[in-house]
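Numbering (full-length UniProt numbering), first residue to last: 1 to 260. First the structure, in the form of structure tokens, and then the observations on it.
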């Protein structure tokens with residue numbers, strides 16, 4: 001859902017756009033829908049070799065190298081308890097949801113580094129903060145992907161390429177599920193718009209993890225590993241203690257994460 005809307009918005013803004021997917025029919029539909037400005041590449045990037053081949057094909061395209069990448073990758077969906085599934089079930093989920101992100105980052109980040117102010121955005125799904133009932137495998141993969149994004153954010157500083165994750169903290173609302181989608185679910189077009197703003201450096205440029213919806217509720221301070229709240233200094237009144245704590249909470253969010 002996210003990828004097709006990113007393509008539509010990028011083309012509407014006059015961007016040269018390359019759509020990559022392992023679904024030939026979906027790529028054909030994109031070509032019919034967008035007659036100009038779009039290049040499509042069929043690629044199955046489940047392995048490091050596949051990602052290397054994709055980077056080679058991108059370098060061979062006419063014109064300058066890409067200046068940004070938005071990676072919205074997810075394997076086959078499915079509901080099952082982790083306890084009821086063999087270990088290979090979880091391994092397959094990581095092979096499809098997590099490791100392709102690492103493979104393409106390894107080979108596309110050096111390609112992006114040839115362009116000024118390059119941006120690379122991973123789009124992640126819900127379930128990373130709390131177990132998602134019936135989708136525990138997705139929760140495990142989403143949590144690992146967020147840490148991978150933070151690691152890539154730090155390591156890519158030497159290239160230099162700005163790497164960030166747009167972490168979508170709930171299911172997504174789109175035309176296909178409009179009949180049963182909840183009102184608070186974020187709209188897919190809003191997600192695509194924010195992903196494009198991130199690769200341009202127009203929003204939250206210095207943080208690794210940007211939560212979406214913007215301002216979404218998260219765990220209270222003190223329960224989140226994304227906050228570093230130290231002990232308050234001794235004070236002489238409860239009112240002073242409360243004021244100091246509020247000031248500390250207002251400034252203590254990790255620079256790796258944005259919620260607003």
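Where a beta carbon is used, it is the ideal one built from N, C-alpha and C, also for glycine. Treat the numbers as computed from the prediction; the structure is a model and nothing was measured.
Query	Result
Within the same chain, show all residues whose beta-carbon is closer than 7 Å to that of residue 95, passing over the 5 residues directly before and after it, in chain order.	46
Around the C-beta of residue 20, are 16 or more other C-beta atoms found within 10 angstroms, so that it is buried, or is it exposed?	buried
Which residue spans inside the segment 113-196 form an unbroken beta strand (DSSP E) run of at least 3?	119-124 and 162-168
Note down the Cα distance separating residue 148 from residue 32, rounded to an integer number of angstroms.	35 Å
Between the segment 165-173 and the segment 194-209, do three or more beta carbon pairs fall short of 8 Å?	yes
In angstroms, rounded to a whole number, what distance separates the CA positions of residue 100 and residue 43?	12 Å
When you compare the segment 117-129 with the segment 60-73, are there three or more beta-carbon pairs, one atom per stretch, that lie closer than 8 Å?	yes
Cα-Cα, which of 98, 55, 52 and 134 is closest to residue 84?	134
Looking only at its chain, what residues have a beta carbon closer than 8 Å to the beta carbon of residue 223, apart from the 5 residues adjacent to it on each side?	Residue confidence is low: residue 223 scores 34 on pLDDT, short of 50, so the model does not pin down where it sits. Its coordinate-derived value is still stated next. No residues qualify anywhere along the chain.
With a Cβ-Cβ cutoff of 8 Å, do residue 111 and residue 41 count as a contact?	no
How big is the Cα-Cα spacing for residue 156 and residue 108?	11 Å
Report yes if the C-beta distance between residue 118 and residue 161 is below 8 Å; otherwise report no.	yes
Between which two residues does the alpha helix (DSSP H) carrying residue 98 extend?	Taken as a continuous stretch (DSSP letters only), residue 98 belongs to no alpha helix (DSSP H), as it is neither H nor E.
From residue 39 to residue 146, what does the alpha carbon distance come to, in whole angstroms?	29 Å
I think residue 189 touches residue 5, with their Cβ atoms under 8 Å apart; what is that distance to the nearest whole Å?	5 Å
Check residue 209 in the structure and name its three-state DSSP category.	strand
Please go through the same chain and pick out, in chain order, the residues whose beta-carbon is closer than 8 Å to the beta-carbon of residue 7, but skip the five residues on each side of it.	17, 19, 30, 34 and 38
Please report the residue range of the beta strand (DSSP E) in which residue 82 lies.	Here residue 82 belongs to no beta strand (DSSP E), and DSSP marks it neither H nor E.
How long is the line joining the alpha carbons of residue 140 and residue 11, rounded to whole angstroms?	34 Å
In three-state DSSP terms, what is residue 230?	At residue 230, the pLDDT of 32 sits below 50, so the modelled position is not reliable and the matter cannot be decided from this model.
Rounded to the nearest angstrom, what separates residue 53 and residue 61 at their Cα positions?	13 Å
Between residue 203 and residue 180, what straight-line distance do the alpha-carbon atoms span, to the nearest angstrom?	31 Å
Could you spell out the range, first to last residue, of the alpha helix (DSSP H) harbouring residue 54?	48-60
Looking at residue 136 and residue 82, is the spacing between their C-beta atoms short of 8 Å?	yes
Does residue 169 pass the burial test, meaning 16 or more other C-beta atoms within 10 Å, or should it be called exposed?	buried
Evaluate residue 231 with the Cβ neighbour count: other Cβ atoms within 10 Å of its Cβ, from every protein chain shown; 16 or more gives buried, anything less gives exposed.	Low per-residue confidence applies at residue 231: pLDDT is 34, beneath 50, and the placement is therefore not dependable enough to give any value.
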